[in-house]
Every structure is written in C-alpha cells, then in structure tokens.
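Comments concern the structure below.
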Amino acid sequence: MKPLIIKLENKKVVIFGGGSVGLRKAKYFREANLVVVSEEFKKEFKELDDIELVEKELTTETLDQYIQNSFLVIPATDDIELNEAITRKAMSKDILVNQVDGELGDVVVPSTIEDEYLLAISSYGRSPAFCKYMRKKLEEDLGPEHRLMIRLQEEMREQLKSQVESQAERKELLWRIMRDEEIWSYLRKNFYQKAVKKSREIIGERNG
17 MKPLIIKLEN KKVVIFGGGS VGLRKAKYFR EANLVVVSEE FKKEFKELDD
67 IELVEKELTT ETLDQYIQNS FLVIPATDDI ELNEAITRKA MSKDILVNQV
117 DGELGDVVVP STIEDEYLLA ISSYGRSPAF CKYMRKKLEE DLGPEHRLMI
167 RLQEEMREQL KSQVESQAER KELLWRIMRD EEIWSYLRKN FYQKAVKKSR
217 EIIGERNG
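End of the sequence shown = 224 in our numbering, gap-free, step of one.
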C-alpha cells in the first residue's frame, strides 16, 4: 500500500449504511459527490448538507444501480456478509472500495491531522487505537509556530523564484530558513515579520 492524497470534488462516493459507521464516513467524505444508501438513517444525517440520502432496501438491483460509475464505494452496514458482497461487486467493476470490517478492499482511511498541513497515520488497518494514540501525540507536539513556518516557507519560496535561478540553491536556502533556531524562536513568539526579516537576511547572504 502507498499513501495518496486525492481530490474528491465531483467524484462519486457511495456509502451503503446509515448507522454510526456510515455517519462517520459521510462526515469524512463530504468533499465528494456523496450518496448514502440505506433502509434507515441516524438522525444526524439530516444535519449534513450537500449529500444525497437514498432510503432504499439494499437489494441486488439497488446495489448495482448505485455502485455503477462510482469512484469509491464504502460498505458500512451492520451486516458483514452484505458488506463483503458489496465489496466484491464493486471490485469486479474495478471500483475502489474502503471496507471497514473485513480484509477485502483496497482503500484504507488513515487517522489524520488537518490544519495548514495534512498528516496521515495508518497501521494498515491493524490497530486503529494506535493511530489515534499517535495522532494525539503529534497534535500535542505541533503548535502555531508550525503553521507560521508553512506560511513563511510559501512566502520565501515565491520570492526565491524571482531571485534564484537554480532550483537546488532555492531548496538549500529554504532548508537553511527552516533549520534556523532564531526564526523558530520568532515564530513561537508570533513575531512573524521578524522571522521574515531574518529569512531575507539568510537569502541576502548568498550574495555576500
């Protein structure tokens, strides 16, 4: 397995199941063109905007109808055998599947931290609890200064594009900025403009 970040806008994602697992998946995949098919739904589904709720019995005909032309299918019913049947049907059509309770399927949803950055943690489905533990530890270690460093790197990167022709040299200067403890000290104190000034001094040193 390899991690990928995929834009899901305008891609059809279908969830089968309107219970707690389906709700969690619906919240995660709201960016997509999302359809949730179930015989009944938890009331919290009504609070989610921009998703299509289809109240239908999950017959073979229903599965075929909604699996067709999907980008990703998520079997999230409380019936393991039904979930496996949905998985096999989708995979037979070369459609990606995130199966939540079995070994079939080819998509694993990682535990994520989303801010100015995206960090994903996966145990390849072996221990969701460990992923949550690691996410919590990372969240404790990451502070506002890390968001500011991304902003600073973006600003300096744009500046360097017009000043330094060599990509290798631009890369080295950005790393020097990132490793500079004085800059990190400014960012921890929210002195962003001082960090910008110091970064420009580092860039200016290349000519001196």
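All residues carry an ideal CB built from backbone N, CA and C; glycine is no exception.
Run of the alpha helix (DSSP H) containing residue i, from where it starts to where it stops
i	result
I83	76–83
N-terminal and C-terminal residue of the beta strand (DSSP E) that residue i is part of
i	result
A211	Taken as a continuous stretch (DSSP letters only), A211 belongs to no beta strand (DSSP E), being part of the alpha helix (DSSP H) at 208–221.
A48	Where A48 is concerned, there is no enclosing beta strand (DSSP E), given that its DSSP letter is neither H nor E.
P91	88–91
S201	Element bounds for S201: not the beta strand (DSSP E) but the alpha helix (DSSP H), 197–204.
I166	Run containing I166: none in the beta strand (DSSP E); it sits in the alpha helix (DSSP H), 160–179.
Residue from the options whose Cα sits closest to the Cα of residue i
i	options	result
E63	E185, K43, E56	K43
I129	V113, K28, G159	G159
L88	S201, K105, S182, L203	K105
N26	M194, I166, G38, S86	S86
I90	I67, V116, E68, S182	V116
K18	R163, L98, S138	S138
L135	Q183, E217, H162	H162
I218	F207, K205, Q169, R204	Q169
For residue i: DSSP bridge partner residues
i	result
K105	None; K105 has no bridge partner.
V113	V89
Assigned secondary structure, residue i (DSSP; H/G/I helix, E/B strand, else coil)
i	result
V37	helix
K28	strand
I67	coil
I22	coil
Distance, residue j Cα to residue i Cα
i	j	result
M150	L20	20 Å
T78	T93	14 Å
M172	M165	10 Å
G38	S108	22 Å
K214	V180	18 Å
I67	L50	5 Å
L190	W200	13 Å
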